[in-house]
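To convert a position in the sequence shown, counted from 1, into the numbering used here, add 3. Every residue, glycine too, gets a C-beta built ideally from N, C-alpha and C. Since we're looking at a predicted model, the values are computed, not measured.
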Amino acid sequence: MSSEERNKIRAKTVGSNKVFKSKIVKFDGLDIEIREPSVKVWGQILKAVMTMEPDGGTGKMEMDKYLIWSVIHCAFVPQTDEKVYEEEDYASLEGCPRSGFVGEFSEIAMDMMNSDQEATEKNSNETAIDNLS
4 MSSEERNKIR
14 AKTVGSNKVF
24 KSKIVKFDGL
34 DIEIREPSVK
44 VWGQILKAVM
54 TMEPDGGTGK
64 MEMDKYLIWS
74 VIHCAFVPQT
84 DEKVYEEEDY
94 ASLEGCPRSG
104 FVGEFSEIAM
114 DMMNSDQEAT
124 EKNSNETAID
134 NLS
């Protein structure tokens with residue numbers, strides 16, 4: 004690969020504007036923006052919700068924690084970088100009904116996170132690994 008081609012690829016990827024998917028949700032007359040997390044934040048969410056096996060292996064995902072942490076990290080005052088909730092709100096959110104705003108907001112956030120993984124897998128070159136052998 005030429006240096007020029009590499010630079011073009013880098014300009015289109017890491018050098019481009021970062022556009023995160025988002026959705027404005029109305030709740031009790033107020034707008035809340037549910038925004039796709041960055042890779043870093045997505046990793047933080049996953050670390051917070053995974054249990055470890057006694058032998059040190061990765062265990063299972065705790066869905067209740069996934070719901071709450073996705074709300075804490077993905078709910079914003081619309082068109083700002085101000086999060087609606089803080090880590091200190093975890094206990095309060097944990098006591099909310101699953102059928103209420105926690106469930107609604109987390110479902111949207113999780114759809115954004117899951118669709119990213121599905122899109123990545125769909126758009127990846129399925130034969131790339133085969134070509135390496």
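8 Å Cβ shell around residue i - same chain, five flanking residues per side excluded
i	result
Lys68	Ala51 and Val52
Arg101	Leu70
Start-to-end residues for the beta strand (DSSP E) that takes in residue i
i	result
Glu8	Segment Ser6 to Lys15 is the alpha helix (DSSP H) holding Glu8; no beta strand (DSSP E) there.
Ser25	Ser25 to Phe30
Contacts around residue i, its chain only, beta-carbon distance under 7 Å, and the 5 residues preceding and following it disregarded
i	result
Trp72	Ile48, Ala51 and Val52
Residue i versus residue j - alpha carbon distance
i	j	result
Arg38	Ser6	35 Å
Thr16	Glu65	33 Å
Asp84	Val44	14 Å
Cys99	Val105	7 Å
His76	Glu8	36 Å
Ile111	Glu97	18 Å
Residues bridged to residue i [DSSP beta-bridge criterion]
i	result
Ala51	Paired residues: none, contrary to the question.
Met66	The partner list for Met66 (beta bridge, DSSP) is empty, contrary to what the question assumes.
Phe79	Glu36 and Lys86
Span of the alpha helix (DSSP H), counted from its first residue to its last, around residue i
i	result
Glu36	Counting along the chain, Glu36 falls outside any alpha helix (DSSP H), though it belongs to the beta strand (DSSP E) covering Leu33 to Arg38.
Lys86	Run containing Lys86: none; DSSP gives neither H nor E here.
Cβ-based neighbour list, residue i, same chain, cut-off 6 Å, excluding 5 preceding and 5 following
i	result
Ser25	Glu36 and Arg38
Does the segment 11–24 come close enough to the segment 81–93 to have 3 or more Cβ pairs within less than 8 Å? no
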